[in-house]
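**Q** Take a look at the following structure, please.
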């Protein structure tokens with residue numbers, strides 16, 4: 011994403027540009043905004059309006075627009091992209107972009123607007139470009155997002171109640187709550203719904219856990235054994251057999267619950283060098299020299315990964331012994347929490363019933379898996 015443009019539509023004067031961020035030498039010409047407005051008039055039922063035009067250099071410019079009504083005025087929240095990914099489905103992002111734009115428009119006359127605009131720009135930019143795994147890592151890196159997840163694991167909560175809890179624990183102001191929730195929405199972890207008398211209830215529909223799993227053995231690079239002949243081929247077969255046996259013994263006896271409680275894996279995964287090394291080893295085994303280069307020659311990190319049985323070294327080559335993965339799963343455990351909270355009058359019957367129905371619908375979806383390795 012290159013920039014955000016916000017305009018107000020005046021029924022008599024037409025488009026009234028308000029701001030673009032980051033600032034540029036000149037705002038796009040008004041005829042662009044008229045084209046966006048015309049497309050909006052024809053496609054009001056769509057949550058996102060997409061327009062592609064050519065600039066003076068005959069290069070495509072792409073504009074994604076969501077609209078907001080505020081205090082009787084119509085605002086256009088426009089995102090400019092020089093290029094879009096071919097498989098990018100922005101309809102999936104409509105709720106997130108709608109939330110961010112709504113938050114910004116409501117702050118447009120306040121002294122908090124510019125800060126919110128800067129944060130919104132960075133959030134959307136990261137949101138569009140981040141891979142799924144990176145986005146989830148960022149959720150767990152952020153103290154407030156981690157706290158949000160813990161709150162949601164107790165069951166349904168209104169957005170207003172969530173803001174109050176964040177204020178109590180972190181002195182959180184509340185104006186950027188939709189930006190924080192955008193990461194959860196992007197990964198399909200939460201669902202937002204208005205209930206009678208309670209606006210914007212948030213329901214956790216998928217939870218996350220970080221665990222170690224066996225590596226994909228089909229990625230082992232066996233090409234060198236063909237060149238070196240029968241001796242190396244026999245040697246590698248012995249290594250491969252021993253490697254698989256060690257994996258079987260380790261993962262059969264491994265205590266996944268204890269490791270998850272002490273957050274060891276999260277700490278490893280949050281290290282960018284370690285994350286990049288694991289990503290490389292998912293593709294194939296690599297020489298020790300290359301592994302150390304990825305770790306920026308930090309021998310202590312290399313030794314720590316060996317000690318924690320994340321990697322395995324053999325004859326100058328490094329193999330992945332334990333892959334670290336996030337797993338999303340259906341949080342059935344919430345049913346018990348919901349019952350307790352309802353009995354304690356912490357949630358209404360509507361909130362209770364709706365969250366139970368949402369979880370059961372997820373469980374009963376055709377071919378729905380209760381967990382997914384990310």
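Residue numbers (my numbering): 11 to 384.
Glycine included, C-beta positions come from ideal geometry on N, C-alpha and C.
Since the model is a prediction, treat every value here as computed from it, not as a measurement.
1) Quick one, are the C-beta atoms of residue 215 and residue 201 less than 8 Å apart?
2) Determine which residues share a DSSP beta bridge with residue 90 and list them.
3) Where do the ends of the alpha helix (DSSP H) carrying residue 190 lie?
4) From residue 12 to residue 89, what distance separates their C-alpha atoms?
5) If you reduce the DSSP assignment to three classes, tell me which class residue 218 lands in.
6) Relative to the alpha-carbon of residue 227, which residue among 199, 244 and 258 has its alpha-carbon at the smallest distance?
7) Can you give the Cα-Cα distance for residue 176 and residue 321, rounded to whole angstroms?
8) Taking the DSSP output, what are the residues bridged to residue 327?
9) Consult DSSP for residue 24 and reduce its assignment to one of helix, strand or coil.
10) Using a Cβ-Cβ cut-off of 6 Å (strictly less than) and excluding sequence neighbours within five positions of residue 278, which residues of its own chain qualify?
11) So what's residue 363 in DSSP terms, helix, strand or just coil?
12) Out of 38, 209 and 75, which has the shortest C-alpha to C-alpha gap to residue 47?
13) Where residue 112 and residue 78 are concerned, what is the direct C-alpha to C-alpha distance, given to the nearest angstrom?
14) Indicate whether at least one CB of chain C lies closer than 8 Å to the CB of residue 208.
15) Consult DSSP for residue 144 and reduce its assignment to one of helix, strand or coil.
16) I'd like the span of the alpha helix (DSSP H) that includes residue 269, first residue to last.
17) Assuming residue 43 and residue 25 are in contact, meaning their beta carbons sit under 8 Å apart, how far apart are those beta carbons, in whole angstroms?
18) What does the Cβ neighbour count give for residue 373, buried or exposed, with the cut at 16 atoms within 10 Å?
19) Out of curiosity, what's the CA-to-CA distance linking residue 371 and residue 357?
20) For a quick check, are the C-beta atoms of residue 149 and residue 104 less than 8 Å apart?
21) What does the alpha-carbon distance come out to for the pair residue 301 and residue 311?
22) By the 10 Å Cβ neighbour count, where 16 or more other Cβ atoms means buried, how is residue 82 classified, buried or exposed?
23) Is it the case that the region 145-163 contacts the region 44-63, given that we only count it when at least three CB pairs across the two stretches are under 8 Å?
24) Which partner residues does residue 79 have in the DSSP bridge list?
25) Among 230, 335 and 292, which has the Cα closest to the Cα of residue 276?
26) Could you give the residue range of the alpha helix (DSSP H) that holds residue 51?
27) Take the Cβ of residue 355 as the centre, count every other Cβ of all protein chains shown within 10 Å, and call the residue buried at 16 or more, exposed below.
28) Pull up the DSSP beta-bridge partners for residue 333, would you.
29) According to the Cβ coordinates, are residue 293 and residue 229 closer than 8 Å?
30) Per DSSP, residue 205 is paired with what?
**A** Let me spell this out:
1) yes
2) 13 and 73
3) 187-196
4) Rounded to the nearest angstrom, the two C-alpha atoms are 7 Å apart.
5) Assigned with DSSP and collapsed to three states, residue 218 falls in strand.
6) 258
7) 39 Å
8) 297 and 324
9) strand
10) 284
11) helix
12) 75
13) For residue 112 and residue 78, the distance between alpha carbons rounds to 6 Å.
14) Although the question refers to chain C, the structure presented lacks it and comprises just one protein chain.
15) helix
16) 266-271
17) 4 Å
18) Per the 10 Å Cβ criterion, exposed.
19) Answer to the nearest angstrom: the Cα atoms are 20 Å apart.
20) no
21) 11 Å
22) exposed
23) no
24) 84
25) 335
26) 40-52
27) Residue 355 comes out exposed.
28) 223.
29) yes
30) Note: residue 205 is bridge-paired with 208 in the DSSP secondary-structure output.
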